[in-house]
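Enquirer:
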Amino acid sequence: MSNPYEAFLPLSHRTGIQPEHTWWEWASERVHIARKRRKAPVRVIVVHGLGTHSGALWPLVAAIPGADLAAIDLPKTPLYDDWLRLLEAFISSEHDDRPLILIGAGTGGLLCAEAAHRTGLVTHVIATCLLNPSDQPTRRALFRFSPLTRLIQGPLRNRELPMTRVLNFNKISRSPALGKLCAADEHSGGSKITWGFLASFFQHKAKFGTTPVTLMHPEHDSLTPVELSLRTLARIKGPTEVVMLKDCGHFPIEEPGFTTMVETVTKIIKRNSL
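Residue numbers for the sequence shown, in my numbering: 10 to 283.
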């Protein structure tokens, strides 16, 4: 079955490559991993953020050359820290002697940067944005309910609300049709999140290490302005670089930024090949 997100990519970058669907057990969770296995000198793990999933990102990363690729689907968990612990465990379970590059989309960028620091097993982090939930300007700019999460206690923490109430899906893409697809997707805008998870996210104190980080940020991202990510990038202790994706919105599908994204990832993979 074709992936509906691929139709929004530049024609020259549509590969039609379908993932191998695999599963990984962690605690009581059965975690879906989309893969493109190959005997490559570098491994890449792709990590989504709030309000999306591996299927939405797969067409963007499927054509990445020279890498053994895995895209993880983070399950619904009670706390944000569960996501971080899960990602750490997955990185450790996949470890071998090859360099590992993490690619984080949306809030997945922060997850990747922290997991790299906490595991010490990551060679390079690539992020489309770096949103620090403890940063007040970030809270005010992005999330509609962040002030209320401090008041959530007891049974209310298990109450769910739709992702479309949390994120403004009208700002997901410069393409209205893609924005509507994301909003209607049962694993994206159609999914739900608990107040408890949101509260744990906003209370999280991020810590960073020295792993190199490339911020690959869309130029016209009205959902996550680049200034917010630059505030977080300044806290990274290791080497950093910024690559702007020209004409791209938050979901980066526009040219020439899309080609820049592919070229940047390819360059980093080649640089880290054994």
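Yeah, the Cβ is synthetic: ideal placement off N, Cα and C, and Gly gets one too.
No experiment lies behind these values; they were computed from the predicted model shown.
Find the nearest neighbour of R168 within the set T275, T128, I278, I202, judged by alpha-carbon distance.
Expert: If you number the sequence shown from 1, residue 168 lands on position 159. The residue with the shortest Cα to Cα distance from R168 is I202.
Enquirer: Just list the beta strand (DSSP E) runs in the region 119-191, keeping only unbroken ones of 3 residues or longer that don't cross its boundaries, in chain order.
Expert: Listed in chain order, the complete beta strand (DSSP E) runs (minimum 3 residues) inside the region 119-191 are 133-136, 169-171.
Enquirer: So, does the region 212-225 touch the region 141-151, judging by three or more C-beta pairs under 8 angstroms?
Expert: Contact between the region 212-225 and the region 141-151 is present, because at least three Cβ pairs lie under 8 angstroms.
Enquirer: What residue from C121, I181, V131, R23 has the CA that sits closest to W92's CA?
Expert: Locating residue 92 in the sequence shown gives position 83, where the first residue counts as 1. The option with the nearest alpha carbon to W92 is C121.
Enquirer: Assuming contact is defined by CB atoms lying nearer than 8 angstroms, are V51 and R107 in contact in what I supplied?
Expert: Here residue 51 refers to the residue found at position 42 when the sequence shown is read from its first residue. Here residue 107 refers to the residue found at position 98 when the sequence shown is read from its first residue. Going by C-beta atoms, V51 is nearer than 8 angstroms to R107.
Enquirer: Since L242 and G60 are thought to touch, with beta carbons under 8 angstroms apart, how far apart are those beta carbons, to the nearest angstrom?
Expert: Here residue 242 corresponds to residue number 233 of the sequence shown, with the count starting at 1. Here residue 60 corresponds to residue number 51 of the sequence shown, with the count starting at 1. Not really, about 22 angstroms apart at Cβ, beyond 8 angstroms.
Enquirer: Count the other CB atoms, across all protein chains shown, that sit within 10 Å of the CB of A193; report buried if there are 16 or more and exposed otherwise.
Expert: As a working note, residue 193 is residue 184 in the sequence shown. Burial call: exposed.
Enquirer: Taking C-beta to C-beta, are C257 and A65 nearer than 8 angstroms?
Expert: As a working note, residue 257 is residue 248 in the sequence shown. As a working note, residue 65 is residue 56 in the sequence shown. No; because the gap between Cβ atoms is not below 8 angstroms, this pair is not in contact.
Enquirer: Are the CB atoms of L187 and F260 within a distance shorter than 8 angstroms?
Expert: Here residue 260 corresponds to residue number 251 of the sequence shown, with the count starting at 1. Here residue 187 corresponds to residue number 178 of the sequence shown, with the count starting at 1. Result yes, Cβ atoms of F260 and L187 sit closer than 8 angstroms.
Enquirer: DSSP three-state call for H30: helix, strand or coil?
Expert: Position 21 of the sequence shown holds residue 30. Strand.
Enquirer: Go ahead and pull the three-state DSSP assignment for A208.
Expert: Here residue 208 refers to the residue found at position 199 of the sequence shown. A208: helix per DSSP, three-state reduction.
Enquirer: Could you pull the DSSP bridge partners for R47 from this structure?
Expert: Within the sequence shown, residue 47 is the residue found at index 38, counting from 1. In the DSSP output, where bridge partners are listed per residue, R47 has none listed.
Enquirer: Use the C-beta contact count for V222: other C-beta atoms within 10 angstroms, 16 or more gives buried, fewer gives exposed.
Expert: As a position in the sequence shown, residue 222 is number 213, starting the count at 1. It is buried - the Cβ of V222 has at least 16 other Cβ atoms within 10 Å.
Enquirer: Look at I112 and V271 and say whether their C-beta atoms are less than 8 angstroms apart.
Expert: To locate residue 112, count along the sequence shown from 1; it is residue 103. To locate residue 271, count along the sequence shown from 1; it is residue 262. No, Cβ-Cβ distance for I112 and V271 is not below 8 angstroms.
Enquirer: Is the distance from the Cβ of V252 to the Cβ of T268 below 8 angstroms?
Expert: Mapped onto the sequence shown, residue 252 falls at position 243. Mapped onto the sequence shown, residue 268 falls at position 259. Contact: no.
Enquirer: Could you name the residues that DSSP lists as bridge partners for K5?
Expert: Lying outside 10 to 283, the shown extent of the chain, residue 5 is not represented and no answer is given.
Enquirer: Leaving out five residues before and five after P234 in sequence, what residues of the same chain have Cβ atoms less than 7 angstroms from its Cβ?
Expert: Start at 1 with the first residue of the sequence shown, and residue 234 comes out as number 225. The answer, listed in chain order, is A150.
Enquirer: Can you tell me which of the three DSSP states D256 falls into?
Expert: If you number the sequence shown from 1, residue 256 lands on position 247. Of the three classes helix, strand and coil, the one that applies to D256 here is coil, per DSSP.
Enquirer: How is the alpha helix (DSSP H) around L242 delimited, first residue to last?
Expert: Looking up residue 242 in the sequence shown gives position 233. L242 -> alpha helix (DSSP H) spans 235-242.
Enquirer: Thinking just about the alpha-carbon of each residue, which of F17, S238, Y89, H126 is nearest to the one in G205?
Expert: The sequence position of residue 205 within the sequence shown is 196, counting from 1. Cα-wise, what sits closest to G205 is Y89.
Enquirer: Only counting the same chain, and skipping five residues up and downstream in sequence, which positions put a Cβ closer than 6 angstroms to that of D82?
Expert: Counted from its first residue, the sequence shown places residue 82 at position 73. Excluding residues within five positions, the ones whose Cβ falls inside 6 angstroms are H41, H62, S63.
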